[in-house]
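Protein chains in written order, with the numbering used here: chain A, 1 to 385; chain B, 1001 to 1281; chain C, 2001 to 2445. Built from N, CA and C at the ideal position, the CB exists for glycine as well.
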Amino acid sequence: MPEEVAGGLAAADKYYRDYGSRARELKKGGAKIIGYLCAFTPVEIITAAGLVPFRIKGDVNEPITKADTEMETIVCPLVRSCFDVSLKGKYEFLDGIVIPHACDSISRTYDVWKYTLNLPYSHFIDMPHGTGEPSLDFYKSLLGTFRTSLGKFTGREISDQDLKEAVGLYNQNRAKVRELYQLRKASPPLISGAEVTKLLVAAVSLPVAEATRLIDSVIKEVKQRQAAPAKTARIMVVGAEVDDIAFLDLIEDSGAWVVADDLCPGAREFFADVAVTANPVDGIAERYLRKIKCGRTFREKEGSYDDYLEERFGHIGRFIKEFKVDGVVLYIYKYCDPYGFDVPAMKSYIESAGAPVLYLEDEYSMSTIGRLRTRIQAFLELIAK
Amino acid sequence: MKGQYFAGVDIGSTMTKVVIMDEATLASVIGPTGPEHRKLANRVMEEALGRAKLAFDEITYVVATGYGRINVPFADRQITEISCHARGIAHLLPEVRTVIDIGGQDSKGIKLRDGRAVDFVMNDKCAAGTGRFLEVAAESLGVSLEEMGRLSLEAENRVEISSTCTVFAAQEVVAKLSEGAALADIIAGLHEAIATRIYGMVRRLKIEREVALTGGGAKNIGLVKALEARLGFPALLPPEPLLTGAIGAALLGRDIVKEAEEKGEKLKISPRRLTEATLFT
Amino acid sequence: MTEEKKPEEKKKRKTATEAAGKIGPMVKAALAENLRAKEEGKPIAYSFIYSGYDEIIRAMDIVPAWTENYAGICGVKRDAQRFLERAEGENFSRSLCTYALCGLGFDSWREELGEMPPDPPWGGQARPTVMLGSGQVICDPRYKWYQAAQHYMPDVPVYVGGLPYPPYEEDYDYREVQDYYVKYIVEELRGLVEFLEKHTNRKMDWERLSQVVDISDRTWNMISEAYDLRKAVPCPMGTGDAMNTMVPMTFMMGTQEGLDFFKDLYDELKRKIANREGIIPDEKYRLLWGGGLPSWFALTDFNYFNSKGAVFPAEVTYRLVEPVYNLDLPRVSDPLEHLAWRWVRYWTYRHDRARKRPGSTPDVERLIEYIEDYKIDGVVMHEAFSCRSWHPGLIWQLNQLKRVYRDIPSLVLESDIVDISSYNEADTRARIDAFIDTLEAVKSR
């Protein structure tokens, strides 16, 4: 079995910059790699099948070219970038692709991914948007179909025991990330926002146990640090998927710390565990359908409208308090439906939670990220005490 | 604060402005921004010092702002044009709560409360809400940019321009001209279109009176009228709309020095040299 | 729609059929009816077309307000900009669905004023009692739009029910999963009934529902048979008219009026065929509208195509039915179960056929079927920049069609459903002209 690189931030940097390098090594050693998009893919099931889940990542430095011949430009720019670099051969080691029904940009391009990449395995999990009992039952059935399908692909049924072990590994992994986040509460934080994102992105490209060891090594390394210079403000970034550090660097180069987030990879996917249930599929279904707080999930309103906002965005309010956040940056991609529609409600909630909000719309490209510099600097000037 | 002088340098995408102040403005310089921001910054500073009859080392604090603010090597601080415009208007027109700045290549809206910026919106991606829109259209029509505003007021039957894209709009006006529409009517339509874009952006701030217009666009009488029509009430204009940012920058410099004196802190000052910047500084 | 535009531009679109010509007044009457119903205190439900709820809504005497349609009307009347701008002012991105932006702009304005915005197109849209979204695969705005609208109407309840359908996959067949899809859909439809009973003080009359479902089945058949008549040469009715006749198909499904409309259309088309009456006297090119919602403010483009000798005997857009007798539905007594099976079988109708052609998908099979049955010379697709549901995949479908079937001439038009600033008439006409040249070149080979 190929050796993993020694840990710490240096390793995180290597896996981030040479994204997929570990998967490539594992493939040479005989492993099968399954690419996936989005935090809503049930990676526990893929791991339980003995396969290695690999989160497909885009590249803000790579202009989108090849993707345009098959995929419309009105699709989320992150999805387009992921598709573009896939077409350019960056993930040639993939044996399969799994795509959940997150949003239109992801679900309506499934055919394009499937037929263009033409991998030995492909599967679409038609996850419902609702969270009621019928939706949960339906989703469990879908997961059952997925489980059977993976079993056919590997030639070996996935047992309940396999699932329970995988669940255990992922719960450990997520707990480790939560431990890391505690280090961000310090004033100043022991680890920067860019470093956290880099580490988490690197982590989702690795098999889960290796990811946990990597994060653990970073926690140990970072705890040894001397106090960092004080900066002007403690910022929280809220958005959909941010798999590149460019934007976080922009904020932190402007003199602020990014101390908290509601992003993926980020708090969104690591602060919700799978409950240990007799039938392991139940706990998995519950986590993905109900526990992850994301705009693609429709929660029913019970009670007043304020209660409803608290139900949908309360986790942001709690982080603002726990991490002593001075300002929130809403970082939303153009063409993003799940978050685009939520902006007025989110802005209103966050402002009433006591934090000023900077709403930025971006197109996931270095050429557009640069012009955000003035806005970020202006926001930091505005909120300075 | 006797004997203290403050300089504000505003390097915009189209125009560069420098202001030197003590209690009032002593000197101001406005010139076109070219590609060489550093050389330009040096040159306009020199000119301003000449007009103010001051030596450079008499300047207590220099604040740079605008698109090219990182290219002012002698600046003691860089502050965004949002904060600077807010500070400038708070000084010039204290009753203003909303500022609309229309530049050559960008436009902004700024919300003020108690003399400070509390919210803002910017458009620096799309030419359609900026001076560039009129520039391109003027070229297509064979009219000078300076005349556009005046001509728009002569319209009797304003033409509607539906394209929000600068390039398409330019095509559209040529087509309308060949269909026989009056020049003044078309130009009024263009002003209406740009006012609509700007208004659409600024209303995200929940516009409150009084509203001030700044930047090059505020010198275009046609655009001012078109915006006032959208607002539904008159807007205020500072005496020289192009200098608001530079004035604000100088004043912020004064605020910084005052606060440092009160706290007994020492401020970091850049070398008072106007030498040619090389590529490697 | 045969609509009058603003005074500066009196462009009436000519319809080929009398049936399509009735639509404008029909829609106007329906909107006026809604406003009256509101005054009378009847429950109004904001609804999306083709969400599977029609029969339930009709059976319970609830008045649907088709919000996509209202945005379309604003678009046709070229009066959507002020609503789009208002939505942008609320911080909604311009890249979102322009139907939703128009609706959100309108609603937030109405709520702020406490009355209709000034001079609203056709009297405006009344404040609803409930809002019915759907979580099916069709599109994101169907579960986000009304949730966002609730920010301006916090007391108006929102229901989102899921109506998914089995995807076309290699690792399993739809028959292996259809049972749990049907089960889910039935539960969601039952949930809709409970929601409506709770919030509108109406009770479901299950007998009535069975009758409404029966009318709806017969309407599906009638529409299919009428549209099949368009296979004739010369073609008696084109996509331009179909963009009108989609109104009773989607707004009046389950009503006698809707069924009667299509019976009349069927009869009219039969007459035209007997008299060899085509859309245009000199039909040179037969085109398929392969996908994409039309630009509602530019339906006159179909007349432009006609002026070049091109007609559209078939379209994929808004052809939302198949003959029910072809769907091989199990006999069930529960009308909700029947609806669920009809839904699932409609969406899996061409799965088996696709399996027979390597590389094909049900969508591609549908294009091929229409190309062959309607004697099609070329395919037109419309990419509307704000619609991420119907439009992603169109380029790929076109490419795949050419890869697995044949290299047929094609044209991709671009603009938007409602936002007129995206539309460049000169450019569009130039593209159409070039396409006609291509068709002519292929024909004369």
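So which residues of chain A does residue i contact, with C-beta pairs closer than 8 Å?
i: cysteine 2102 of chain C; result: Those do not exist, as cysteine 2102 of chain C stays about 14 Å from chain A at its closest Cβ, beyond 8 Å.
i: glutamate 2383 of chain C; result: Glu72 and Ile74
i: tryptophan 2145 of chain C; result: Phe341
i: serine 1083 of chain B; result: Ala378, Glu381 and Leu382
Should residue i go down as buried or exposed, given a rule of 16 or more other Cβ atoms within 10 Å for buried?
i: phenylalanine 1233 of chain B; result: exposed
i: glutamine 2256 of chain C; result: exposed
i: serine 105 of chain A; result: buried
i: leucine 1141 of chain B; result: buried
i: glutamate 1095 of chain B; result: exposed
i: alanine 2029 of chain C; result: exposed
i: valine 276 of chain A; result: exposed
i: leucine 2113 of chain C; result: exposed
So with CB distances below 7 Å, who are the chain C contacts of residue i?
i: phenylalanine 1168 of chain B; result: Asn2424
i: arginine 1203 of chain B; result: Gly2089
i: proline 120 of chain A; result: Ordered by position in chain C, no residue passes the 7 Å Cβ test against proline 120 of chain A, which lies about 10 Å from the chain.
DSSP three-state label for residue i, please.
i: lysine 2005 of chain C; result: Caution is warranted here: a pLDDT of 35 is assigned to lysine 2005 of chain C, below 50, making its placement in the model unreliable, and no coordinate value can be reported.
i: lysine 2010 of chain C; result: Unreliable positioning characterises lysine 2010 of chain C in this predicted model, as indicated by a pLDDT of 37, which lies under 50. The coordinate reading is nonetheless provided below. Coil, per DSSP.
i: isoleucine 1256 of chain B; result: helix
i: aspartate 1106 of chain B; result: coil
i: isoleucine 1011 of chain B; result: strand
i: serine 205 of chain A; result: coil
i: serine 367 of chain A; result: helix
i: alanine 240 of chain A; result: strand
i: valine 60 of chain A; result: coil
i: glutamine 2397 of chain C; result: helix
i: threonine 2428 of chain C; result: helix
i: valine 1211 of chain B; result: strand
i: aspartate 262 of chain A; result: strand
i: aspartate 1101 of chain B; result: strand
i: valine 1173 of chain B; result: helix
What's the gap between the Cα of residue i and the Cα of residue j?
i: glycine 1265 of chain B; j: tyrosine 36 of chain A; result: Note that residue 1265 of chain B corresponds to glutamate in the displayed sequence, not to glycine. Between glutamate 1265 of chain B and tyrosine 36 of chain A, the C-alpha separation is close to 55 Å.
i: proline 2120 of chain C; j: alanine 1229 of chain B; result: 20 Å
i: aspartate 2267 of chain C; j: valine 2076 of chain C; result: 29 Å
i: aspartate 2433 of chain C; j: alanine 2016 of chain C; result: 22 Å
i: methionine 346 of chain A; j: alanine 353 of chain A; result: 10 Å
i: tyrosine 1199 of chain B; j: leucine 1227 of chain B; result: 7 Å
i: arginine 373 of chain A; j: glycine 1131 of chain B; result: 22 Å
i: aspartate 84 of chain A; j: threonine 65 of chain A; result: 7 Å
i: isoleucine 2408 of chain C; j: glycine 2072 of chain C; result: 31 Å
i: alanine 355 of chain A; j: isoleucine 56 of chain A; result: 33 Å
i: arginine 80 of chain A; j: alanine 1055 of chain B; result: 56 Å
i: valine 2160 of chain C; j: tryptophan 2066 of chain C; result: 16 Å
i: alanine 1212 of chain B; j: isoleucine 1100 of chain B; result: 6 Å
i: glutamate 92 of chain A; j: tyrosine 2227 of chain C; result: 47 Å
Which chain C residues sit within Cβ distance under 8 Å of residue i?
i: glycine 1200 of chain B; result: Glu2085, Glu2088 and Gly2089
i: proline 338 of chain A; result: Asp2140 and Lys2144
Find the residues of chain B that neighbour residue i, judging by a C-beta separation of less than 7 Å, and give them in chain order.
i: glutamine 377 of chain A; result: Thr1080
For residue i, return the contacting residues in chain A, with the cut-off set at a CB-CB distance below 9 Å.
i: alanine 1117 of chain B; result: Ala378, Glu381 and Leu382
i: methionine 1122 of chain B; result: Arg371, Thr374, Arg375 and Ala378
Give the residues of chain C in contact with residue i, contact being defined as C-beta atoms less than 9 Å apart.
i: alanine 1155 of chain B; result: Ordered by position in chain C, no residue passes the 9 Å Cβ test against alanine 1155 of chain B, which lies about 15 Å from the chain.
i: alanine 1226 of chain B; result: Under the 9 Å cutoff, chain C gives no residues; its nearest Cβ is about 15 Å from alanine 1226 of chain B.
i: glutamine 1171 of chain B; result: Asn2424, Ala2426 and Asp2427
For residue i, return the contacting residues in chain A, with the cut-off set at a CB-CB distance below 7 Å.
i: histidine 2151 of chain C; result: Pro344 and Ala345
i: valine 2177 of chain C; result: Thr145
Report the neighbours of residue i on chain B: residues whose CB is nearer than 9 Å to its CB, in chain order.
i: threonine 73 of chain A; result: The premise fails here: threonine 73 of chain A is roughly 15 Å from chain B at the closest Cβ pair, so nothing lies under 9 Å.
Open item on the list: Extract the residue ranges of the alpha helix (DSSP H) inside the stretch 147 to 181 of chain A, only unbroken runs of 4 or more that lie entirely within it.
Closed with: none
Open item on the list: Runs of 4 residues minimum, wholly inside the stretch 19 to 52 of chain A: which ones carry the alpha helix (DSSP H) assignment?
Closed with: 21 to 28 and 43 to 48
Task: In chain order, each alpha helix (DSSP H) run of at least 4 residues that lies wholly inside the stretch 292 to 334 of chain A - done: 305 to 322
- [ ] Could you name each continuous alpha helix (DSSP H) segment of 4 residues or more that falls completely within the stretch 2244 to 2278 of chain C, going from the start of the chain to the end?
- [x] 2256 to 2274
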